[in-house]
Amino acid sequence: MDKKIDVLVIGGGPAGIIAAGKAAENGARVVLVEKNADLGVKLLLTGHGRCNLTNTEIQSGNLVEKYGKNGRFLFSALQHFGPAEVIEFFESRGVKTKVEENGRVFPVSDKAQDVLNALKKYLVENKVEILFDARVGKIIAKGKRLEKIVLADGRELHAEKYIICTGGKAWPQTGSTGDACAWLKGLGHTIVEPAPALAPIVCSIEGERSHAPVYGSARGSGVCAVENFKSLEGVSLRAVGLKVFQNNKKQTGRVGDVVFTANGMSGPAVFGVCKELGKLLKTGKVELRLDLAPDLIVEALDRRLEQLLREGGNKMIKNILNIVPARLALAILDLAEINPDKKANAISRGERKVLARLIKEFPLQVKSVCGFDQAMVTSGGVDLHEVDPRTMRSKIIENLYFAGEILDLDGPTGGYNLQICWSTGRIAGAK
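Set out below in structure tokens:
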């Protein structure tokens, strides 16, 4: 390109769009390079197509709590462009918003396309030039400055400032394949190894027994493995307690919603611990224990069970164990070695105690965390020690900036990760 480029943005996701728009709004000539045929491919999938824009509960005082130890890095960016500013930005561009449970902010229309349309209009209004189907082949530096990027088709682009917003490796089907990690290593940056975050897990339902199971599939093994884990697929539980154990020591935990899948578990509470699970699995076996009645202490639960059994009389135990969904009740009875057709009034005190324990500590053996193809975001990326949090500028390459998922930042589900994109993208484009 023979025209002078002030700012070259690589990556047309939320971070790249907001960075390009802001830089152009400030008077720069901006070119946005996008490898796909359209912008915001991944954005359209967020929030199940509804686009969870941000979260009103993000505050400077809880950054470490919400984003982990790296959360402090976001302080300046959030001060510059936090949830209130994000809401105002979209509202002023015709995207009316609403706040739902736990502070989650969505467009009133529940359409991610409306959000993307507003962002595209922002680029048009500020005359951002977009190159579609443009894959970066090489990034070339000279000394401590980037000199140019070379596209896969041979075109060379020279700019005064470069902003990398290529995302991580989650949802590679949208073009997020982690290409920038190799480029940045070549420039001298440290890359924290990318790993799936906010991902489902693969697990099995297992509990040690003193003798061979009667109703499980692992007959004669001394271990109960519920015969058809897939039978629990779709069972959804609200506000359950989830604790992570390794070597019989609690490592972390969450309270939230979960859902059983064909081979494991998903849902906000699972997403909240999956990054930690991935780390723990590298060092040994990991167990989850679900508290299916977190509002009851064990003694209160036992009394409730006693009442259920007394009132159940001659009814089969599988038909009255209504503290949990029916399919899950069958799995608990299997683990407890109780015939599901056994009459309620025939359940012994010892069996009742076992049921209470399993409801309070339903055991799951974690096999693996699902890969990038099922993860919502990526943990890892550019080491934050090498980035100025006030500007998003590289401390190694003086005209290089970063924004979005390429940084070693990730948060819980609920709009926290899109807020990273808006805040870091806005400040990178502004400086």
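Using full-length UniProt numbering, the first residue of the sequence shown is number 1, and each one after it goes up by one.
For every residue, glycine included, the Cβ atom is placed at its ideal position computed from N, Cα and C.
Query raised in the report: Where does Gly381 fall in DSSP's three states?
Result: Here residue 381 refers to the residue found at position 381 of the sequence shown. In the structure shown, the three-state DSSP call for Gly381 is strand.
Query raised in the report: Of all the options Cys51, Ala19 and Ile317, which has the alpha carbon lying nearest to the alpha carbon of Arg104?
Result: Mapped onto the sequence shown, residue 104 falls at position 104. It is Cys51.
Query raised in the report: Looking at Ser60 and Phe75, is the spacing between their C-beta atoms short of 7 Å?
Result: As a working note, residue 75 is residue 75 in the sequence shown. As a working note, residue 60 is residue 60 in the sequence shown. Going by C-beta atoms, Phe75 is nearer than 7 Å to Ser60.
Query raised in the report: Would Val108 be called buried (16 or more neighbouring beta carbons within 10 Å of its own) or exposed?
Result: The count along the sequence shown starts at 1 and reaches residue 108 at position 108. When all chains shown are included, Val108 counts as exposed.
Query raised in the report: If you measure from the beta carbon of Asn263 to each beta carbon in chain D, is any gap under 7 Å?
Result: The chain inventory of the structure shown lacks chain D, comprising one protein chain alone.
Query raised in the report: Does the beta-carbon distance from Val30 to Val128 come in below 7 Å?
Result: For the purposes of this step, residue 30 is identified with residue 30 of the sequence shown, where counting begins at 1. For the purposes of this step, residue 128 is identified with residue 128 of the sequence shown, where counting begins at 1. In this structure, Val128 lies closer than 7 Å to Val30 by Cβ.
Query raised in the report: Quick one: what does DSSP say Ile338 is sitting in, helix, strand or coil?
Result: Against the sequence shown, residue 338 aligns to sequence position 338. Shown here, Ile338 sits in coil according to DSSP, grouped into three states, outside any helix or strand.
Report task. Compare the Cα-Cα distances from Gln113 to each of Gly264, Ile87, Val377 and Lys42 and report the closest residue. Result -> Mapped onto the sequence shown, residue 113 falls at position 113. Nearest in C-alpha terms to Gln113, of all of Gly264, Ile87, Val377 and Lys42, is Lys42.
Requested in this report: Go ahead and label Ala37 buried or exposed: buried means 16 or more other beta carbons lie within 10 angstroms of its beta carbon, across all protein chains shown.
Outcome: Against the sequence shown, residue 37 aligns to sequence position 37. It is exposed - the Cβ of Ala37 has fewer than 16 other Cβ atoms within 10 Å.
Requested in this report: Identify the continuous alpha helix (DSSP H) that holds Gly429 and give its terminal residues.
Outcome: If you number the sequence shown from 1, residue 429 lands on position 429. Membership of Gly429 in the alpha helix (DSSP H) is indicated by the continuous run Tyr416 to Ala430.
Report task. Please check the pair Arg289 and Pro363, which I expect to be a contact at CB under 8 Å, by giving their CB distance rounded to whole angstroms. Result -> Numbered from 1 along the sequence shown, position 289 holds the residue referred to as residue 289. Numbered from 1 along the sequence shown, position 363 holds the residue referred to as residue 363. Going by Cβ atoms, the distance from Arg289 to Pro363 rounds to 6 Å, so yes, they are a contact pair.
Query - Sheet register partners of Phe245 (DSSP bridge) - result: Position 245 of the sequence shown, counted from the first residue, corresponds to residue 245. Answer is Lys250 and Glu287.
Query raised in the report: Over what stretch of residues does the alpha helix (DSSP H) that includes Gly21 continue unbroken?
Result: Against the sequence shown, residue 21 aligns to sequence position 21. Element bounds for Gly21: Pro14 to Glu25.
Query raised in the report: Thinking just about the alpha-carbon of each residue, which of Val258, Met316, Leu309 and Cys274 is nearest to the one in residue 480?
Result: Because the chain in this structure spans residues 1 to 431, residue 480 falls outside the shown range and cannot be described.
Query - Sequence-distant residues of the same chain with beta carbon closer than 7 Å to Ile297, five excluded per side - result: Here residue 297 corresponds to residue number 297 of the sequence shown, with the count starting at 1. Correct list: empty, nothing qualifies.
**Report entry** For Ser231, the three-state DSSP class (helix, strand or coil)
**Finding:** Walking along the sequence shown from the start, residue 231 turns up at place 231. DSSP places Ser231 in helix when its eight states are reduced to three.
**Report entry** Residues sharing a beta bridge with Gly264, DSSP
**Finding:** Residue mapping note: residue 264 aligns to position 264 of the sequence shown, counting from 1. Note: Gly264 is bridge-paired with Val202 in the DSSP secondary-structure output.
Query raised in the report: Taking DSSP as the reference, what is the three-state secondary structure of Leu281?
Result: One-based indexing of the sequence shown puts residue 281 at position 281. Three-state DSSP puts Leu281 in a helix.
Query raised in the report: Which class does Thr391 belong to by DSSP, given the choice of helix, strand or coil?
Result: Start at 1 with the first residue of the sequence shown, and residue 391 comes out as number 391. Correct three-state label for Thr391: coil.
Report task. Would you mind stating whether Val95 and Val115 have Cβ atoms separated by less than 7 Å? Result -> Position 95 of the sequence shown, counting from 1, holds the residue named residue 95. Position 115 of the sequence shown, counting from 1, holds the residue named residue 115. In this structure, Val115 lies closer than 7 Å to Val95 by Cβ.
Query raised in the report: To the nearest angstrom, how far is it from the Cα of Ser423 to the Cα of Leu301?
Result: Indexing the sequence shown from 1 puts residue 423 at position 423. Indexing the sequence shown from 1 puts residue 301 at position 301. When rounded, the distance between both Cα atoms is 46 Å.
Requested in this report: Name the two residues that bound the continuous alpha helix (DSSP H) containing Ala84.
Outcome: Stepping through the sequence shown from its first residue, residue 84 is reached at position 84. Residues Pro83 to Glu91.
Report task. Rounded to whole angstroms, what's the CA-CA distance from Ala141 to Asp179? Just pull it up for me. Result -> Taking the sequence shown and counting its residues from 1, one reaches residue 141 at position 141. Taking the sequence shown and counting its residues from 1, one reaches residue 179 at position 179. Between Ala141 and Asp179, the C-alpha separation is close to 17 Å.
Query raised in the report: How close, in whole Å, do the beta carbons of His189 and Ile396 come, if the pair is a contact with beta carbons under 8 Å?
Result: Working through the sequence shown from its first residue, we reach residue 189 at position 189. Working through the sequence shown from its first residue, we reach residue 396 at position 396. Right, their Cβ atoms sit about 6 Å apart.
Requested in this report: Return the chain-ordered list of same chain residues with a C-beta closer than 7 Å to the C-beta of Ser210, the five sequence neighbours on each side being excluded.
Outcome: Mapped onto the sequence shown, residue 210 falls at position 210. Note that Ser210 scores 35 on pLDDT, short of 50, meaning its location in the model is unreliable and no value can be drawn from it.
Query raised in the report: Going by alpha carbons, who is nearest to Arg155 out of Lys161, Val136, Ile164 and Lys169?
Result: As a working note, residue 155 is residue 155 in the sequence shown. Taking only the C-alpha atoms, the option nearest Arg155 is Val136.
**Report entry** Where Arg104 sits in the DSSP three-state scheme
**Finding:** On the sequence shown, residue 104 is found 104 positions in, with the first residue counted as 1. Note: Arg104 maps to strand in three-state DSSP.
**Report entry** Neighbour-count burial assignment, Thr54, 16 or more Cβ in a 10 Å radius
**Finding:** For the purposes of this step, residue 54 is identified with residue 54 of the sequence shown, where counting begins at 1. Within a 10 Å sphere around the beta-carbon of Thr54 sit 16 or more other beta-carbons, which makes this residue buried.
Query raised in the report: With a Cβ-Cβ cutoff of 7 Å, do Gly404 and Ala15 count as a contact?
Result: Here residue 404 corresponds to residue number 404 of the sequence shown, with the count starting at 1. Here residue 15 corresponds to residue number 15 of the sequence shown, with the count starting at 1. Yes, the Cβ-Cβ distance between Gly404 and Ala15 is below 7 Å.
**Report entry** Closest by C-alpha distance to Thr391, when choosing among Val270, Ala23 and Leu151
**Finding:** Locating residue 391 in the sequence shown gives position 391, counting from the first residue. The residue from Val270, Ala23 and Leu151 with its alpha-carbon nearest to that of Thr391 is Ala23.
Requested in this report: Tell me where the beta strand (DSSP E) around Ile5 begins and ends.
Outcome: Along the sequence shown, read from residue 1 onward, the residue named residue 5 stands at position 5. Residues Ile5 to Ile10.
**Report entry** Rounded C-alpha distance that separates Ala134 from Val150
**Finding:** Walking along the sequence shown from the start, residue 134 turns up at place 134. Walking along the sequence shown from the start, residue 150 turns up at place 150. Cα to Cα, Ala134 sits roughly 10 Å from Val150.
Requested in this report: Using three-state DSSP, classify Pro412 as helix, strand or coil.
Outcome: Start at 1 with the first residue of the sequence shown, and residue 412 comes out as number 412. The three-state secondary structure of Pro412, taken from DSSP, is coil.
Query - Beta-ladder partner(s) of Ile139, from DSSP - result: The residue you call residue 139 lines up with position 139 of the sequence shown. Ile139 is bridged by DSSP to Ile149.
Query raised in the report: Around the Cβ of Pro83, are there at least 16 other Cβ atoms within 10 angstroms (buried) or fewer (exposed)?
Result: Indexing the sequence shown from 1 puts residue 83 at position 83. For Pro83, the number of other beta carbons within 10 angstroms of its own is at least 16, and it is reported as buried.
Query raised in the report: From Ala331 to Arg352, what does the alpha carbon distance come to, in whole angstroms?
Result: By one-based count along the sequence shown, residue 331 stands at place 331. By one-based count along the sequence shown, residue 352 stands at place 352. Approximately 15 Å, taken between the alpha carbons.
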